[in-house]
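Colleague: Here it is: the structure, laid out below.
Protein chains: 2
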Amino acid sequence: MPKGQQSQRDKGAAPVRKRLSPAARRAEIVQAAVDLFAETGFDGSTREVARRAGITQPLLYRYFPDKQSLIEAAYSRVFLETWDPAWDALLQDRSRPVVDRFQSFYEAYTEIVFQPVWLRLWYYALLRDAQVHAWYREVVQEQILKPMVRERRAELGQGDAFAVTVDELDVPWLLHGGLLNHGLRQLAGQAGNRGDSPDRPAVIRKALNLFLQQSAPDAG
Amino acid sequence: MPKGQQSQRDKGAAPVRKRLSPAARRAEIVQAAVDLFAETGFDGSTREVARRAGITQPLLYRYFPDKQSLIEAAYSRVFLETWDPAWDALLQDRSRPVVDRFQSFYEAYTEIVFQPVWLRLWYYALLRDAQVHAWYREVVQEQILKPMVRERRAELGQGDAFAVTVDELDVPWLLHGGLLNHGLRQLAGQAGNRGDSPDRPAVIRKALNLFLQQSAPDAG
DNA sequence: GTCATTGATTATCGACTGATCAATAAAGAC
DNA sequence: GTCTTTATTGATCAGTCGATAATCAATGAC
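Protein chains in written order, with the working numbering: chain B, 21 to 240; chain H, 21 to 240.
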């Protein structure tokens, strides 16, 4: 199969000009941007984004005024779509033990968040954009960690009305951060994987056990 | 003080050509590279490195064959000098309780590792260079986490001869990663700080307590 | 079929990048 | 003081970057 020859349906380069609806084209561009930025960071070139999206580079500027807008579109494409609204109900379903609920939650949560694209884009964003980090930190604290403390209180019959203190969040933050770091470690360990690992549920279980022990009435 | 005027000792630009020994000049260049790369990532330009080092850009290429060599010099300048040999003895000083030893160690360790330059360079390296990550992960595991498990075993009179299993490292890794993540969170929280925080020892204490509880004989 | 709309491309700009080379000048040897 | 060594600079190259303007052509309205 000599390189010079080119079949009619060569997958490498489709020279035909394909006209898409603005919404569809924009979605393809954003997806290409997400993939590239996750690999190379935000200094990935607009030309490479265009190449992956199968278009020419100037066309990007019909959909985004500048590169920064494209970066922000990649942000929201990944981070805003992270949270599944069903998780809120799951975390507060008091018919199940806290440990079961949060085991289910963290397995589902890490299935998304441990994907290389998510993790890498997250850390790139973190290093570059302090605002994104502050925003997502708030999400984790309000949606996951505070509910975890409250639900555990309720399970122990301590009442869940009074506010969660900063002090009570230290251990949850430690464990949540530890889990994130676990995902990162796996990511770099075996390049090209999907972010999965057989021992993920086991690590989550250990983290939750630490939290439960620490919050047990007879513990310090 | 008009901009056009320029005093004899203008700190902004010293036009005098100053001749340094190769070792001294190289050290200044590496320091400038470390600072810049920690701020902007490794796509920081060689011209900016030169500007911060107070030299012209071509001079860099007398000391480093290419930019990649400069990056690797920045790596070793920061990461190789992290470990204090005194820490090995500290961690194995069995005249003190394990919790005291590791409290002292982690306070000293995080004093270095939570500095913005270290943390940022670390995460940039991690995202770009899987080898560096693998290398340092090995350091943490062999120098910190395995000793932690062994010393705890000895303290409990369980014997420390047999090898530390992967399973036993899960909780130490969770807590170590949680601490690292804690440093990162503070870093982004208040830009421009030194990486310090008043509650750092308290968080370390909580992490160590979790480890001790988990390894206690009556715990699962 | 004809035409207007607009998605898409080609060509190109100025700024910046990593890197090279010849010319310059500071410091030590004598 | 003179000379040799070499640290340092100025000039410059080819390539790439983000972004703009003019041009082309696919699609739907009629």
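For glycine and all other residues, C-beta sits at the position ideal for the given N, C-alpha and C.
Run through chain H and tell me which residues come within less than 9 Å of B:Q234, C-beta to C-beta.
Modeller: Translated into positions along the first sequence, residue 234 of chain B becomes position 214. Those within 9 Å of B:Q234 in chain H are K226, N229, L230 and Q233.
Colleague: Report the option in H:E68, H:A106, H:Y144 and H:D113 whose CA atom is closest to the CA atom of H:F99.
Modeller: Locating residue 99 of chain H in the second sequence gives position 79, where the first residue counts as 1. For H:F99, the nearest C-alpha among the options comes from H:Y144.
Colleague: Closest to B:P85 by C-alpha separation, out of B:L111, B:R72 and B:R46, would be which residue?
Modeller: As a working mapping, residue 85 of chain B is identified with position 65 in the first sequence. The option with the nearest alpha carbon to B:P85 is B:R46.
Colleague: For the region 101 to 117 of chain H and the region 158 to 167 of chain H, state whether three or more C-beta atom pairs, one from each stretch, are separated by less than 8 Å.
Modeller: Verdict: yes, contact present.
Colleague: H:K38: buried (16+ other C-beta within 10 angstroms of its C-beta) or exposed?
Modeller: Translated into the one-based positions of the second sequence, residue 38 of chain H becomes position 18. It is exposed - the Cβ of H:K38 has fewer than 16 other Cβ atoms within 10 Å.
Colleague: Mind listing the chain B neighbours of H:A47? Cutoff is C-beta to C-beta under 9 Å, in chain order.
Modeller: Translated into positions along the second sequence, residue 47 of chain H becomes position 27. Under the 9 Å cutoff, chain B gives no residues; its nearest Cβ is about 26 Å from H:A47.
Colleague: Do B:A227 and B:G198 count as a contact pair if the criterion is CB distance below 8 Å?
Modeller: As a working note, residue 198 of chain B is residue 178 in the first sequence. As a working note, residue 227 of chain B is residue 207 in the first sequence. Yes; because the gap between Cβ atoms is below 8 Å, this pair is in contact.
Colleague: As an exercise, report each continuous alpha helix (DSSP H) stretch of at least 4 residues that is fully enclosed by the region 51 to 80 of chain H, in chain order.
Modeller: Those alpha helix (DSSP H) runs which fall completely within the region 51 to 80 of chain H and span 4+ residues are 66 to 73.
Colleague: Output the distance between the C-alpha atoms of B:Q233 and H:Q123, rounded to the nearest integer angstrom.
Modeller: Against the first sequence, residue 233 of chain B aligns to sequence position 213. Against the second sequence, residue 123 of chain H aligns to sequence position 103. Spanning the two alpha carbons is a distance of roughly 21 Å.
Colleague: For H:W193, go through chain B and note every residue whose CB falls closer than 9 Å to its CB, in chain order.
Modeller: As a position in the second sequence, residue 193 of chain H is number 173, starting the count at 1. Those are G198, N201, H202, R205 and V223, listed as they occur along chain B.
Colleague: What does a CB cutoff of less than 6 Å around H:V137 pick up in its chain, not counting 5 residues either side in sequence?
Modeller: In the second sequence, counting from the first residue as 1, residue 137 of chain H sits at position 117. The residues are A58.
Colleague: Given this structure, state the Cα-to-Cα distance separating B:E127 from B:V223, to the nearest angstrom.
Modeller: Taking the first sequence and counting its residues from 1, one reaches residue 127 of chain B at position 107. Taking the first sequence and counting its residues from 1, one reaches residue 223 of chain B at position 203. Going by the C-alpha atoms only, they are around 10 Å apart.
Colleague: Measure the beta-carbon distance from H:R157 to B:R82 and round it to whole angstroms, keeping in mind my assumption that it falls under 8 Å.
Modeller: Here residue 157 of chain H corresponds to residue number 137 of the second sequence, with the count starting at 1. Here residue 82 of chain B corresponds to residue number 62 of the first sequence, with the count starting at 1. Their Cβ separation, rounded to whole angstroms, is 44 Å, which puts H:R157 and B:R82 out of contact at 8 Å.
Colleague: Helix, strand or coil for B:A236 per DSSP?
Modeller: For the purposes of this step, residue 236 of chain B is taken as the residue at position 216 of the first sequence. Reduced to three states, the DSSP call for B:A236 is coil.
Colleague: Just the C-alpha distance for H:L189 and H:Q77, rounded to the nearest angstrom, thanks.
Modeller: The sequence position of residue 189 of chain H within the second sequence is 169, counting from 1. The sequence position of residue 77 of chain H within the second sequence is 57, counting from 1. Approximately 47 Å between the Cα atoms of the pair.
Colleague: Nearest chain B C-beta to H:Y126 closer than 8 Å, yes or no?
Modeller: Mapped onto the second sequence, residue 126 of chain H falls at position 106. Not one chain B Cβ lies under 8 Å of H:Y126.
Colleague: Can you list the residues of chain H that B:A181 reaches, using a CB-CB cut of under 8 Å?
Modeller: Taking the first residue of the first sequence as 1, we reach residue 181 of chain B at position 161. Within 8 Å Cβ-Cβ: nothing; B:A181 doesn't reach chain H, min ~25 Å.
Colleague: What residue range is occupied by the uninterrupted alpha helix (DSSP H) comprising H:R122?
Modeller: One-based indexing of the second sequence puts residue 122 of chain H at position 102. A small fix is needed here, since residue 122 of chain H is Phe in this sequence, not Arg. Run containing H:F122: V118 to V133, per the alpha helix (DSSP H) assignment.
Colleague: Rounded to the nearest angstrom, what separates B:P22 and B:V69 at their Cα positions?
Modeller: What you label residue 22 of chain B is simply residue 2 of the first sequence in a count that begins at 1. What you label residue 69 of chain B is simply residue 49 of the first sequence in a count that begins at 1. Only weak support is given to the placement of B:P22: the predicted model assigns it a pLDDT of 39, under 50, and the value that follows is read from those uncertain coordinates. Roughly 28 Å separates the two Cα atoms.
Colleague: Can you check whether the C-beta of H:A145 is within less than 8 Å of a C-beta belonging to chain B?
Modeller: Taking the first residue of the second sequence as 1, we reach residue 145 of chain H at position 125. It does not; no Cβ of chain B falls within 8 Å.
Colleague: Quick one: give me the first and last residue of the alpha helix (DSSP H) that H:E158 is part of.
Modeller: Taking the second sequence and counting its residues from 1, one reaches residue 158 of chain H at position 138. Counting along the chain, the alpha helix (DSSP H) containing H:E158 begins and ends at A150 to V159.
Colleague: According to the neighbour-count rule (16 or more other Cβ atoms, all chains shown, within 10 Å of its Cβ), is H:E171 buried or exposed?
Modeller: On the second sequence, position 151 is the one that residue 171 of chain H refers to. When all chains shown are included, H:E171 counts as buried.
Colleague: What residues in the region 75 to 103 of chain B have a beta carbon less than 9 Å from any beta carbon of chain H?
Modeller: Going along the region 75 to 103 of chain B in chain order, one finds no residue with a Cβ nearer than 9 Å to chain H.
Colleague: Here's the rule I'm using: 16 or more other beta-carbon atoms within 10 Å means buried, otherwise exposed. How should B:V18 be labelled?
Modeller: One cannot answer for residue 18 of chain B here, as it falls past the ends of chain B, which runs 21 to 240.
Colleague: With 8 Å set as the bound, which would you pick, yes or no: does the beta-carbon of B:A150 sit closer than that to a beta-carbon of chain H?
Modeller: Within the first sequence, numbered from 1, the residue matching residue 150 of chain B stands at position 130. It does: the Cβ of B:A150 has a partner Cβ on chain H nearer than 8 Å.
Colleague: Give the secondary structure of H:K166 by DSSP, where H, G and I count as helix, E and B as strand, and everything else as coil.
Modeller: Sequence index remark: in the second sequence, residue 166 of chain H carries index 146 (1-based). Three-state DSSP puts H:K166 in a helix.
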